[in-house]
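K.L.:
Counting with our numbering, you get residues 36 to 425 for the letters of the sequence shown.
Built from N, CA and C at the ideal position, the CB exists for glycine as well.
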Amino acid sequence: MTTVDLPLLPLGRGRDLTTERGVECPGDLPATSDPDLVARARAAKEALGERVFVLGHHYQRDEVIEFADVTGDSFKLAREAAARPEAEFIVFCGVHFMAESADILTGKHQQVILPDLAAGCSMADMARLAQVEDAWDALVEAGVADSVVPVTYMNSSADIKAFVGRHGGTVCTSSNAETALEWAFDQQPDAKVFFFPDQHLGRNTAVLQLGLSLDDCVVWNPLQPNGGLTTEELRDARIILWRGHCSVHGRFSADVVDELRATIPGVQILVHPECTHDVVLKADLVGSTEFIIQTIEAAPSGSAWAIGTELNLVKRLAAAHPDKQIGFLDKNVCYCSTMNRIDLPHFVWAMESLVAGNVVNRIEVDADTEHWANAALQRMLELPGKSHRD
Ligand code: 13P
Ligand code: SF4
36 MTTVDLPLLP LGRGRDLTTE RGVECPGDLP ATSDPDLVAR ARAAKEALGE RVFVLGHHYQ
96 RDEVIEFADV TGDSFKLARE AAARPEAEFI VFCGVHFMAE SADILTGKHQ QVILPDLAAG
156 CSMADMARLA QVEDAWDALV EAGVADSVVP VTYMNSSADI KAFVGRHGGT VCTSSNAETA
216 LEWAFDQQPD AKVFFFPDQH LGRNTAVLQL GLSLDDCVVW NPLQPNGGLT TEELRDARII
276 LWRGHCSVHG RFSADVVDEL RATIPGVQIL VHPECTHDVV LKADLVGSTE FIIQTIEAAP
336 SGSAWAIGTE LNLVKRLAAA HPDKQIGFLD KNVCYCSTMN RIDLPHFVWA MESLVAGNVV
396 NRIEVDADTE HWANAALQRM LELPGKSHRD
C-alpha cells in the first residue's frame, strides 16, 4: 500500500471567498519560492512572543503546522482558543468557520486572524441562513417546528450557529455528535432533530450510535420546494438531515474498502464520520481527526491501516509511524483545497503584519450573531465528555 504520492488535484471547494468578498491580500505577500520563509516565520513568532497564539487544524500543511502552538480537531481548537485569554492575537490556521468560532469564544480584547480569507469550507457554504430560515418556516407550516431541536455541526457559518442558538439548539463536532444528538432528543419526549449541514455525520451518528433506522432520517434539499419532502414525511421523521456534505470525505468509496481488504490481509479501515454511510458501514473504526490520531498512536507495530480523511493528516501519520503500514484510503480523493489555502507565504504575511502593528484578515462576528452563536457553542462545551464510536 502506498500512501503519499498522490497528485494535488483541483477539488470542489465552494465559492472563492476572496473574490466574493472583494478581498485582496494587502501589502506584500512573500513569494512561495522565498528561501527565507521559514526564518521569517520564526522571527515574526519570536518577535510577537506571548502576544500571539497559533492554532493549527490537523488538515493543515506541514509547513504551517510547524509553527502551531497547538494542533487539534475543531473541538479541541475551539476549547484551546477559549482557554487563552492572555493572547492578544489568535492566528487560526484552519478555515473560516473555525476562526469565527474562535472569535466568539475569545474575549473582546483578543483578535482572531485567518491568514487567507479564501480558506472557506464548501460544506459550511451548503447551508445559508436564508435557506435555513425558509426551511424553518416550512416546519412551522407543517406543524412540527415546536418539537424540532436544531443541531449544527461546527462546520457551519456563525449565523447558522446563531440561528440554532436562538431556537434552543446546540453545536456539535465530530468528537461529540453522539452526545449532542442524545442531548437534543432528551429536550422533549417527541423531539425531532434538524441537523445542519452534513447529512453524513448526522446519518452516521443517528443510525450507528443512537440506533435510529434509516427510515427515521429524511433529507432536506434546500434547492427543492418544501425541501423535497411531504408534510407527512416531516411529521414521521425523527431526524431531518440538511443536504450538505464534505467535498473531501464524501469522495471515499465503499468499493475501495473491498479492494483493499482483498489485497492487504488484516488491513484496518479507519475513517472520519463525514464519509458516506456505506463507507462508514464497511469501516472498522470511525471517529474525528483526534480519534484517528490516537488510534494510530496506540496501534501495534506492523499493523496495516487505510485511513479515510484529509491527505495532509494521513501523510503526517505515515511519516510519524514508519513501523506501521499506513495508507490513504482512496487514490481519487485529494487535499482539502481550502484548508491548503493557508500556506507559509500567507502565514508569514499575517505574522509580519502583526509585528508591524497591522492586523490583517481579522475575523469578527457581529454582536447579535455572536451572542446567539455563543449560546449554542456554550451548550456544546457543557455537554458531558463522551466522544467517538469504535
Ligand atoms: P474535525 O476537526 O472535527 O475532525 O473535522 C474535520 C473537518 O472536516 C474539519 O473541517
Ligand atoms: Fe470543509 Fe471538508 Fe475541507 Fe473540512 S475537509 S474544511 S468539512 S471541505
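Go ahead and pull the three-state DSSP assignment for D233.
P.N.:
Reduced to three states, the DSSP call for D233 is strand.
K.L.:
How close, in whole Å, do the beta carbons of V167 and I195 come, if the pair is a contact with beta carbons under 8 Å?
P.N.:
6 Å between Cβ atoms; contact.
K.L.:
Terminal residues of the continuous alpha helix (DSSP H) containing H406?
P.N.:
Taken as a continuous stretch (DSSP letters only), the alpha helix (DSSP H) holding H406 covers 402-416.
K.L.:
For the segment 79-152, list the alpha helix (DSSP H) runs that are entirely contained and at least 4 residues long, ordered along the chain.
P.N.:
Listed in chain order, they are 97-100, 109-117, 131-140.
K.L.:
Can you tell me whether DSSP reads T344 as helix, strand or coil?
P.N.:
Of the three classes helix, strand and coil, the one that applies to T344 here is coil, per DSSP.
K.L.:
Comparing the CB of T240 with every heavy atom of ligand 1, is any distance shorter than 6 Å?
P.N.:
Checking the Cβ of T240 against ligand 1 gives no.
K.L.:
Is the beta carbon of S282 within less than 6 Å of some heavy atom of ligand 1?
P.N.:
No, Cβ of S282 sits at least 6 Å from all heavy atoms of ligand 1.
K.L.:
I'd like the span of the alpha helix (DSSP H) that includes P308, first residue to last.
P.N.:
Counting along the chain, P308 falls outside any alpha helix (DSSP H), and DSSP gives it neither H nor E.
K.L.:
Which partner residues does W255 have in the DSSP bridge list?
P.N.:
According to DSSP, W255 bridges with W277.
K.L.:
Mind pulling the alpha helix (DSSP H) runs of 4 or more residues that sit fully within the segment 160-189?
P.N.:
You should have 164-176.
K.L.:
Among V87, E121, A159, which residue has its Cα nearest to the Cα of Q127?
P.N.:
Position check: residue 127 holds Phe in this sequence, whereas Gln was assumed. Nearest option by C-alpha distance: V87.
K.L.:
Flag V167 as yes if its beta-carbon sits less than 7 Å from any beta-carbon of chain D, otherwise no.
P.N.:
The question asks about chain D, but that chain is absent: this structure has only one protein chain.
K.L.:
Quick one: residues with CB closer than 5 Å to any heavy atom of ligand 1, in chain order, please.
P.N.:
With the cut-off at 5 Å, the residues found are D108, S109, T208, S209, S323, T324.
K.L.:
With a threshold of 6 Å, establish whether the CB of N190 neighbours any heavy atom of ligand 2.
P.N.:
Yes, Cβ of N190 sits closer than 6 Å to a heavy atom of ligand 2.
K.L.:
Taking F287 as part of the beta strand (DSSP E), name the residues at either end of that continuous run.
P.N.:
From DSSP, F287 is part of no beta strand (DSSP E); its letter is neither H nor E.
K.L.:
Under the three-state reduction of DSSP, which class applies to L320: helix, strand or coil?
P.N.:
In the structure shown, L320 sits in a strand (DSSP, three-state: E or B).
K.L.:
Confirm, please, whether the CB-CB distance from S323 to S209 is below 7 Å.
P.N.:
Result yes, Cβ atoms of S209 and S323 sit closer than 7 Å.
K.L.:
Go through its chain and collect everything with a Cβ distance to P256's Cβ below 6 Å, but skip five positions before and after it.
P.N.:
Note on residue identity: the sequence assigns Asn, not Pro, to residue 256. So the list reads G262, G263, R278, once near-sequence residues are dropped.
K.L.:
Is the segment 140-157 in contact with the segment 168-183, if contact means three or more CB pairs nearer than 8 Å?
P.N.:
Touching, no.
K.L.:
If you compare alpha carbons, which of H356, D225, L416, S372 is closest to R273?
P.N.:
Residue D225 is the option with its Cα nearest to R273.
K.L.:
State the DSSP-derived secondary structure class of V242, mapped to helix, strand or coil.
P.N.:
Reduced to three states, the DSSP call for V242 is helix.
K.L.:
Tell me the rounded alpha-carbon separation between G337 and R119.
P.N.:
Their Cα atoms are separated by approximately 39 Å.
K.L.:
Using a Cβ-Cβ cut-off of 6 Å (strictly less than) and excluding sequence neighbours within five positions of M386, which residues of its own chain qualify?
P.N.:
The answer, listed in chain order, is A79.
K.L.:
So is the beta-carbon of M161 under 6 Å away from any non-hydrogen atom of ligand 2?
P.N.:
Answer for M161: no, Cβ out of range of ligand 2.
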